[in-house]
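Enquirer:
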Amino acid sequence: MLTLYLKAIYKKDLILFKKYKLQMIITYLSIFIYIFALFNFSKAVGSEDNSGNLFNSNPFLFLLTGYMIIDLTITILNIISSQISFLQTASIFEEIVSIDNPFFYMICSCAFPATLWFLRNAFYVLVSIYFFELDINPSFSNLLIFLCFFVSFVLFLLGLALIAASFTILFKRGNPIIIITVALTTIFSGALYPVNVLPDYFLLLSDLIPTTHFLEIFRQFLTNNFIDDILIKNIILLIIGPFSLLSGYLIFYKSLNVSKQNGTTYTY
Amino acid sequence: MITLEDATILFKKKRVLSNLNIKIDKGDFFFVTGHNGSGKTTFLMLLKGLYLLSSGYLKIDKSIINNEEISLITKNPKSFFSRLTAKENINFFYDLISPKLRLKKSEVQHLIEVFGLDEVMDQEFMTLSSGQSQKLSILRGLLRNPRLLLLDEIFSSLDKSSKNDLGLFLFDYIHSKPDITVLWTTHNIDEFPVKKYKVLDFTNGFIKEDKNC
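Same order as they appear, the protein sequences are chains G and S. For the first sequence, our numbering begins at 1 and goes up steadily by one. For the second sequence, our numbering begins at 1 and goes up steadily by one.
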């Protein structure tokens with residue numbers, strides 16, 4: 001009996017696995033990505049070239065802020081896609097698509113997980129300060145500027161989340177948008193190690209990722225090291241948030257309409 | 001009010017609805033019949049805006065009816081949040097409807113009593129029977145005070161007594177709203193006490209027959 005079950009289940013899983021080739025490719029690609037991240041981390045730890053860098057002067061804060069931003073990226077990017085997958089599986093997606101504005105529904109569905117992210121990370125910081133001697137000195141006089149960047153960064157992630165959700169609507173599984181974004185954040189944004197340990201040809205890519213700049217601003221804010229021309233230097237970051245959200249909105253509706261035409265909207 | 005001209009739907013090159021030409025007026029009552037897979041449910045989902053045409057033309061007169069005033073009640077009664085109670089589910093869907101369209105809270109409570117659901121409203125949805133779930137699904141469909149009511153084999157999981165009770169309630173409800181337009185898919189017209197109706201009989205995505213009774 002056990003052999004029969006094993007054979008039937010293995011065969012079924014293999015058939016499904018073969019139907020999601022993209023997920024298979026991404027799974028194996030991510031091995032290289034994470035090994036590369038570990039390699040760079042070890043390079044940064046062993047390097048003597050980090051003097052004056054936060055990684056060298058306050059490595060705990062450096063890693064904690066990096067972790068928080070990776071956590072935020074994963075949280076926001078997954079919310080809408082997992083929400084849609086759940087609604088499709090529970091046959092509720094028809095009801096949600098039927099409401100007056102499904103786009104607002106999807107955006108609003110991010111509010112609770114985002115609140116949980118905030119509470120969880122505030123707790124991380126408090127525990128780190130009180131139990132593990134985390135040294136921070138936030139620049140409260142620049143709080144408003146920091147919040148502008150934070151809101152724009154969240155809008156940027158929401159736009160990507162909508163694009164990832166569009167992928168889920170159209171192709172169901174194996175969402176590369178989420179995996180690629182998290183991988184780029186982990187490897188190239190300076191979340192776990194300073195970007196200067198990256199090979200030169202990757203520095204340009206690192207510079208193109210909004211997370212790299214937001215992380216720099218976040219760390220400057222927490223260590224009271226805001227540079228004077230931060231607004232001018234990072235103005236593009238303030239523009240890219242709304243632009244990303246608008247792009248996500250358009251792509252989300254387009255994918256919904258395409259799937260309505262293909263008859264695949266309500267299944268998972 | 002609703003006009004379809006040469007309306008065709010293809011899913012992955014498979015023809016699901018073919019060259020439909022129909023005119024539906026305000027207050028019409030249609031029975032939509034046809035064998036399994038003939039396109040009845042797809043037709044209702046198209047009217048609700050859940051599918052889009054591959055070719056042809058669908059026009060819904062927005063001055064008479066907007067999309068929020070269309071209710072589709074399906075034969076799948078499990079489309080609720082299983083870990084929420086029946087009441088929490090109904091409140092959630094109620095809150096998503098524009099306040100100017102939805103029923104008053106007292107009217108919702110009245111429907112809950114009419115449907116005999118008052119005793120199960122505090123139970124988690126996953127503990128409800130298929131019949132109770134179906135009643136909850138019908139209740140949800142009526143929350144928005146629909147002007148176009150699309151009913152897709154809604155009695156398929158109800159026992160005879162519930163079918164009679166709910167049938168009587170629904171026909172009273174429909175008769176009390178002369179402007180409401182109804183399309184009701186079924187395999188058996190004879191079990192409904194309707195005197196004046198039209199029939200759309202589907203076969204393989206085509207309308208085989210369009211008649212007045």
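Heads up, the beta-carbon is just placed ideally off N, CA and C, and yes, glycines get one too.
(1) Cβ closer than 7 angstroms: which chain G residues qualify as neighbours of Lys75 of chain S?
(2) Please return the same chain residues whose Cβ sits closer than 8 angstroms to the Cβ of Phe125 of chain S, not counting the five positions on each side in sequence.
(3) Contact between the region 96 to 103 of chain G and the region 55 to 62 of chain G: three or more CB pairs below 8 angstroms?
(4) Specify whether the region 233 to 252 of chain G and the region 146 to 158 of chain G touch according to this definition: at least 3 beta carbon pairs, one from each stretch, less than 8 angstroms apart.
(5) Check whether chain G comes within 8 angstroms of Leu136 of chain S, counting only Cβ atoms and requiring the distance to be less than that.
(6) If you drop the 5 nearest sequence neighbours on each side, which residues of the same chain put their C-beta closer than 8 angstroms to that of Ser157 of chain S?
(7) Could you name the residues of chain S that Asp100 of chain G contacts, counting a contact when the two beta carbons are closer than 7 angstroms?
(8) Are Ile70 of chain G and Val182 of chain G closer than 8 angstroms when you measure CB to CB?
(9) Can a CB atom of chain S be found closer than 8 angstroms to the CB of Ile92 of chain G?
(10) Could you name the residues of the region 236 to 264 of chain G whose beta carbon sits closer than 7 angstroms to any beta carbon of chain S, in the order they occur along the chain?
(11) In chain G, which residues lie less than 9 angstroms from Lys13 of chain S when you measure between Cβ atoms?
(12) Using the beta-carbon of each residue, which ones in chain G are nearer than 7 angstroms to Lys78 of chain S?
(13) Have a look at Ala8 of chain G and Leu77 of chain G and give me their C-alpha separation to the nearest angstrom.
(14) Could you name the residues of the same chain whose beta carbon sits closer than 7 angstroms to that of Ser139 of chain G, not counting the 5 residues immediately before and after it, in chain order?
(15) For Leu58 of chain S, which of helix, strand or coil comes out of DSSP?
(16) Pop quiz: Leu47 of chain S and Asn21 of chain S are said to be a contact at Cβ under 8 angstroms. What is the actual Cβ separation, rounded to whole angstroms?
(17) For Asp172 of chain S, count neighbouring C-beta atoms within 10 Å of its own C-beta (all shown protein chains included) and say buried if the count is 16 or more, exposed if not.
(18) So for Arg15 of chain S, helix, strand or coil by DSSP?
(19) Quick one: list the residues of chain G neighbouring Val16 of chain S, beta-carbon separation under 9 angstroms, in chain order.
(20) For Val127 of chain G, which residues in chain S fall below 8 angstroms Cβ to Cβ?
(21) Looking at the strands, I want to know which residues DSSP matches up with Lys23 of chain S.
(22) Run down chain C in chain order and give the residues with a C-beta less than 7 angstroms from the C-beta of Tyr51 of chain S.
(23) Can you tell me the Cα-Cα spacing of Phe155 of chain S and Ala114 of chain G, whole angstroms?
(24) Does any residue of chain S have a CB that is nearer than 8 angstroms to the CB of Val195 of chain G?
(25) So which of S:Phe202, S:Asp201 and S:Trp184 has the shortest CA-CA distance to Val194 of chain S?
(26) Going by C-alpha to C-alpha distance, which of G:His213, G:Ser247, G:Leu246 and G:Thr264 sits closest to Ile235 of chain G?
(27) Anything in chain G within Cβ reach of Lys62 of chain S, meaning under 7 angstroms, just list it in chain order.
(28) Our contact map puts Val32 of chain S next to Phe202 of chain S with C-beta atoms below 8 angstroms; I'd like the distance itself, whole angstroms only.
(29) Using the Cα positions of Phe167 of chain G and Asn145 of chain S, report the straight-line distance between them to the nearest angstrom.
(30) For Ser112 of chain G and Leu160 of chain G, what's the separation of their Cα atoms in angstroms?
(31) Specify, as a first and last residue, the run of the beta strand (DSSP E) that Val32 of chain S falls within.
(32) Would you grab the beta carbon distance between Ile169 of chain G and Ser259 of chain G for me? Rounded to a whole angstrom, and I think it's under 8 angstroms.
(33) Does chain S have any CB closer than 8 angstroms to the CB of Val97 of chain G?
Expert: Reading off the structure:
(1) Looking up residue 75 of chain S in the second sequence gives position 75. What Lys75 of chain S touches in chain G: nothing, since even the nearest Cβ is about 11 angstroms away.
(2) Stepping through the second sequence from its first residue, residue 125 of chain S is reached at position 125. Contacts found: Phe80, Phe81, Ser82, Arg83, Leu84, Thr85, Ala86, Asn89, Ser133 and Leu136.
(3) no
(4) yes
(5) Residue numbering aside, residue 136 of chain S sits at position 136 when the second sequence is read from its first letter. Chain G, which has no Cβ nearer than 8 angstroms to the Cβ of Leu136 of chain S, makes this no.
(6) For the purposes of this step, residue 157 of chain S is taken as residue 157 along the second sequence, with counting starting at 1. Taken in chain order, the residues that qualify are Lys75, Pro77, Ser130, Gly131, Ser133 and Gln134.
(7) Here residue 100 of chain G refers to the residue found at position 100 when the first sequence is read from its first residue. Neighbours of Asp100 of chain G on chain S, chain order: Glu68 and Ser98.
(8) Along the first sequence, one-based indexing puts residue 70 of chain G at 70. Along the first sequence, one-based indexing puts residue 182 of chain G at 182. Contact: yes.
(9) Locating residue 92 of chain G in the first sequence gives position 92, where the first residue counts as 1. Yes, Ile92 of chain G counts as interfacial toward chain S.
(10) Asn257, Lys260, Gln261, Asn262 and Gly263
(11) As a position in the second sequence, residue 13 of chain S is number 13, starting the count at 1. Residues of chain G passing the Cβ test: none, with the nearest at roughly 10 angstroms.
(12) Numbered from 1 along the second sequence, position 78 holds the residue referred to as residue 78 of chain S. Within 7 angstroms of the CB of Lys78 of chain S, the CB atoms of chain G belong to Ser91, in sequence order along the chain.
(13) Mapped onto the first sequence, residue 8 of chain G falls at position 8. Mapped onto the first sequence, residue 77 of chain G falls at position 77. A straight line joining the alpha-carbon of Ala8 of chain G with that of Leu77 of chain G spans about 35 angstroms.
(14) Position 139 of the first sequence, counted from the first residue, corresponds to residue 139 of chain G. For Ser139 of chain G, where only same-chain residues beyond five positions count, the Cβ hits under 7 angstroms are Phe221, Asn224 and Phe226.
(15) The count along the second sequence starts at 1 and reaches residue 58 of chain S at position 58. Assigned with DSSP and collapsed to three states, Leu58 of chain S falls in strand.
(16) Within the second sequence, the letter at position 47 stands for residue 47 of chain S. Within the second sequence, the letter at position 21 stands for residue 21 of chain S. The Cβ separation is near 15 angstroms, so there is no contact.
(17) Counted from its first residue, the second sequence places residue 172 of chain S at position 172. Looking at its Cβ environment, which holds fewer than 16 other Cβ atoms inside 10 Å, Asp172 of chain S is exposed.
(18) Residue mapping note: residue 15 of chain S aligns to position 15 of the second sequence, counting from 1. Three-state result, Arg15 of chain S: strand.
(19) Taking the first residue of the second sequence as 1, we reach residue 16 of chain S at position 16. Identification of chain G residues near Val16 of chain S by a Cβ-Cβ cut-off of 9 angstroms yields Gly263, ordered along the chain.
(20) If you number the first sequence from 1, residue 127 of chain G lands on position 127. Chain S residues near Val127 of chain G: none, gap ~30 angstroms exceeds 8 angstroms.
(21) For the purposes of this step, residue 23 of chain S is taken as the residue at position 23 of the second sequence. Beta-bridge pairing links Lys23 of chain S to S:Thr3.
(22) No chain C appears in this structure, whose protein chains are G and S.
(23) Here residue 155 of chain S is taken as the residue at index 155 of the second sequence, counted from 1. Here residue 114 of chain G is taken as the residue at index 114 of the first sequence, counted from 1. As the crow flies, the alpha-carbon of Phe155 of chain S is around 41 angstroms from that of Ala114 of chain G.
(24) In the first sequence, residue 195 of chain G corresponds to position 195, counting from 1. No, no contact with chain S.
(25) If you number the second sequence from 1, residue 194 of chain S lands on position 194. Measuring from the Cα of Val194 of chain S, the nearest candidate turns out to be S:Trp184.
(26) Here residue 235 of chain G is taken as the residue at index 235 of the first sequence, counted from 1. Taking only the C-alpha atoms, the option nearest Ile235 of chain G is G:His213.
(27) As a working mapping, residue 62 of chain S is identified with position 62 in the second sequence. Chain G residues near Lys62 of chain S: none, gap ~13 angstroms exceeds 7 angstroms.
(28) By one-based count along the second sequence, residue 32 of chain S stands at place 32. By one-based count along the second sequence, residue 202 of chain S stands at place 202. At roughly 7 angstroms, the Cβ-Cβ gap stays under 8 angstroms, so Val32 of chain S and Phe202 of chain S are in contact.
(29) As a working note, residue 167 of chain G is residue 167 in the first sequence. As a working note, residue 145 of chain S is residue 145 in the second sequence. Each residue's Cα considered, the two are about 34 angstroms apart.
(30) Taking the first sequence and counting its residues from 1, one reaches residue 112 of chain G at position 112. Taking the first sequence and counting its residues from 1, one reaches residue 160 of chain G at position 160. At residue 112 of chain G the sequence reads Phe, which differs from the Ser that was named. One C-alpha to the other measures close to 18 angstroms.
(31) In the second sequence, the residue the question calls residue 32 of chain S occupies position 32. From DSSP, the beta strand (DSSP E) with Val32 of chain S extends over Phe29 to Gly34.
(32) Translated into positions along the first sequence, residue 169 of chain G becomes position 169. Translated into positions along the first sequence, residue 259 of chain G becomes position 259. Going by Cβ atoms, the distance from Ile169 of chain G to Ser259 of chain G rounds to 5 angstroms, so yes, they are a contact pair.
(33) As a first step, residue 97 of chain G is located in the first sequence; it is residue number 97 there, counting from the start. Closer than 8 angstroms: yes.
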